[in-house]
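>
Protein chains: 2
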Amino acid sequence: MSKAELTRIEILRKSFDLIYKNGYQSTSIDEIIATTKVTKGAFYYHFKSKEEMGMALISDVMHKELWPAVKKSINTTKDFRKNLYKMLTDLLIEHPVLTCEYGCPSVNLIQEMAPLNEHFRKALKKNLSEWQKLIEDEIVRAQGVGQLSADHDPQNIALYVITLYHGVRNMGKVLGKGYYMTFLKEFDNYLNSLK
Amino acid sequence: MSKAELTRIEILRKSFDLIYKNGYQSTSIDEIIATTKVTKGAFYYHFKSKEEMGMALISDVMHKELWPAVKKSINTTKDFRKNLYKMLTDLLIEHPVLTCEYGCPSVNLIQEMAPLNEHFRKALKKNLSEWQKLIEDEIVRAQGVGQLSADHDPQNIALYVITLYHGVRNMGKVLGKGYYMTFLKEFDNYLNSLK
DNA sequence: TTATTAACATACTATATGGTATGTTAATTC
DNA sequence: GAATTAACATACCATATAGTATGTTAATAA
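Chains as they are written, first to last, in this note's numbering: chain A, 549 to 743; chain B, 549 to 743.
#1: Kindly confirm or deny that the stretch 676–688 of chain A and the stretch 559–566 of chain B touch, where touching means at least three C-beta pairs closer than 8 Å.
#2: Taking Cβ positions, are A:P644 and B:Y650 nearer each other than 8 Å?
#3: Since I believe A:G720 is in contact with A:Y728 (beta carbons under 8 Å), could you give me their beta-carbon distance rounded to a whole number of angstroms?
#4: Quick one: is A:I710 buried, meaning 16 or more other Cβ sit within 10 Å of its Cβ, or exposed?
#5: Sort B:H667, B:K743, B:Y713, B:N737 by Cα distance to B:G694 and report the nearest one.
#6: What does the Cβ neighbour count give for A:A671, buried or exposed, with the cut at 16 atoms within 10 Å?
#7: Can you list the residues of chain B that A:N656 reaches, using a CB-CB cut of under 9 Å?
#8: Which complete alpha helix (DSSP H) runs does the stretch 636–715 of chain A hold, if anything under 4 residues is left out?
#9: Short of 8 Å Cβ to Cβ, which residues in the stretch 716–731 of chain A face chain B?
#10: Just the chain A side, please: which residues come within less than 7 Å of B:T711 by C-beta, in chain order?
#11: May I have the straight-line CA-CA distance separating B:V586 from A:R629, to the nearest angstrom?
#12: Mind pulling the chain A residues with CB within less than 9 Å of B:E734?
#13: So which residues of chain B does A:L664 contact, with C-beta pairs closer than 9 Å?
#14: Do B:H594 and B:T637 have their beta-carbon atoms positioned less than 8 Å apart in this structure?
#15: Just checking: is the beta-carbon of B:K673 within a distance shorter than 8 Å of some beta-carbon in chain A?
#16: I need the straight-line Cα distance from A:W615 to B:K733, nearest angstrom please.
#17: Expressed to the nearest angstrom, what Euclidean distance is found between the alpha-carbon atoms of A:Y738 and A:G726?
#18: Could you tell me the alpha carbon to alpha carbon distance between B:S607 and B:L657, rounded to whole angstroms?
#19: Determine the chain A residues that contact B:Y650 at a beta-carbon separation under 9 Å, and present them in chain order.
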């Protein structure tokens, strides 16, 4: 990896950390460069604006941080219920970077920026769609092997599960990590209600 | 109502509108006073800081805006399933102020400020607890008249419903109002799965 | 080796920001 | 009716902010 490439990565990593904790609009470029060895000239050499850096954040860092955790956990067993349950526990409990206090960077950015910036909204939607499709495929597989009635709409269930994840990430900020456990119990009830 | 009281209300109403759409940290006091007939002197006569105004927002305006809508819809029928369903449709579809694009002011503020300001977190949690208790009481009532097994934990169900609401408010920002309908169908499935 | 360009570094600007200092006016109290 | 205070209004300040202008240095191509 070239030195220039390393600089770009350093900017994006630090931006990710700061934006994850303080939000996009409240994270200044001055703060980013003050906490790295990157100067303002370097920043604006790699990104023509703060928005362009934000877009790179969504498609590069954010996606690379969340996608592998999701993708590997959805296939661990043959039971779609266990797989969906594990997917959420892996994200909520086991993920090495995300915390209950600060929630999920993707959920946070949707909340803050989706209504304010159409570019952000579309990029975030793209990440969401990819996750949605992964869950849908798992539902379809489950229906194929008779674990679930074909009456259910895979898309609806996929979106419903993602909705739950977004909700619990928000609630966790107020109620603390203990709520994650309470929620997972109720999520298990929901999965078992799917016949 | 005194003239001073009216000024206070005007500050809070405009702050509510701006913060609802742009977030707390990105709404400046200059912007609030520029879009009202209030001056900076008046603002700081009524509130000693931006944070104090934010606290008043949460306990006064935000609560008064959301609480009546919730409280009246939870009692409309004798079937707790219909009541919970109506509660969410009233909030999501019928509320005269909230929109799909900007979501729910309370959910938004939790997302943005709960990790950054303990005063905010506690005030927001208090509003949440009040809603939670209302739903719990309705569940307990339903259990009392045999609409629902006593095995279920009313607190868990209440929090789960609120979690769904928080989630759908977030997802709606990306997917648009059409998703509210899709979600409500799946929410109905969940309610009917509660035996 | 020289010319060129990629990859920065530094200094600066215009505007925005939360908050303060110091006024002024209208209402209330005595 | 005078004194007091509540309820503002105006001017100002230090700092923060996204972005620019103009350098400099190290790598690469000719």
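We treat Cβ as the ideally placed atom computed from N, Cα and C, and that holds for glycine. Nothing here was measured: the structure is a model prediction, and the numbers come from that model.
By the coordinates alone:
#1: Three or more beta-carbon pairs separated by less than 8 Å are not found between the stretch 676–688 of chain A and the stretch 559–566 of chain B, which leaves the two stretches without contact.
#2: For the purposes of this step, residue 644 of chain A is identified with residue 96 of the first sequence, where counting begins at 1. For the purposes of this step, residue 650 of chain B is identified with residue 102 of the second sequence, where counting begins at 1. Against a cut-off of 8 Å, the Cβ pair of B:Y650 and A:P644 comes out as no contact.
#3: Taking the first residue of the first sequence as position 1, residue 728 of chain A is located at position 180. Taking the first residue of the first sequence as position 1, residue 720 of chain A is located at position 172. That belief holds up - the Cβ atoms of A:Y728 and A:G720 are roughly 6 Å apart, short of 8 Å.
#4: If you number the first sequence from 1, residue 710 of chain A lands on position 162. Around the Cβ of A:I710, a 10 Å sphere holds 16 or more other Cβ atoms; the residue is buried.
#5: Position 146 of the second sequence, counted from the start, is the residue given in the question as residue 694 of chain B. Considering only alpha carbons, the answer is B:K743.
#6: As a first step, residue 671 of chain A is located in the first sequence; it is residue number 123 there, counting from the start. Looking at its Cβ environment, which holds 16 or more other Cβ atoms inside 10 Å, A:A671 is buried.
#7: Residue mapping note: residue 656 of chain A aligns to position 108 of the first sequence, counting from 1. Near A:N656 (Cβ distances below 9 Å), the residues of chain B are Q659, E660.
#8: 653–661, 666–692
#9: V716, N718, M719, K721, V722, L723, Y727, T730, F731
#10: For the purposes of this step, residue 711 of chain B is identified with residue 163 of the second sequence, where counting begins at 1. Simply L712, G715, V716, M719, F731.
#11: To locate residue 586 of chain B, count along the second sequence from 1; it is residue 38. To locate residue 629 of chain A, count along the first sequence from 1; it is residue 81. Separation of B:V586 and A:R629 (C-alpha to C-alpha, rounded to the nearest whole angstrom) is 57 Å.
#12: Position 186 of the second sequence, counted from the first residue, corresponds to residue 734 of chain B. Result: D701, N704, I705, L707, Y708, T711.
#13: Within the first sequence, the letter at position 116 stands for residue 664 of chain A. Simply K569, N570, G571, S574.
#14: Taking the first residue of the second sequence as position 1, residue 637 of chain B is located at position 89. Taking the first residue of the second sequence as position 1, residue 594 of chain B is located at position 46. No, the Cβ-Cβ distance between B:T637 and B:H594 is not below 8 Å.
#15: Within the second sequence, numbered from 1, the residue matching residue 673 of chain B stands at position 125. Interface with chain A (8 Å Cβ-Cβ cutoff): B:K673 is included.
#16: By one-based count along the first sequence, residue 615 of chain A stands at place 67. By one-based count along the second sequence, residue 733 of chain B stands at place 185. Approximately 28 Å, taken between the alpha carbons.
#17: One-based indexing of the first sequence puts residue 738 of chain A at position 190. One-based indexing of the first sequence puts residue 726 of chain A at position 178. C-alpha separation (whole angstroms): 19 Å.
#18: Translated into positions along the second sequence, residue 607 of chain B becomes position 59. Translated into positions along the second sequence, residue 657 of chain B becomes position 109. B:S607 and B:L657: Cα-Cα distance of roughly 13 Å.
#19: As a working mapping, residue 650 of chain B is identified with position 102 in the second sequence. By Cβ distance, chain A contributes P663.
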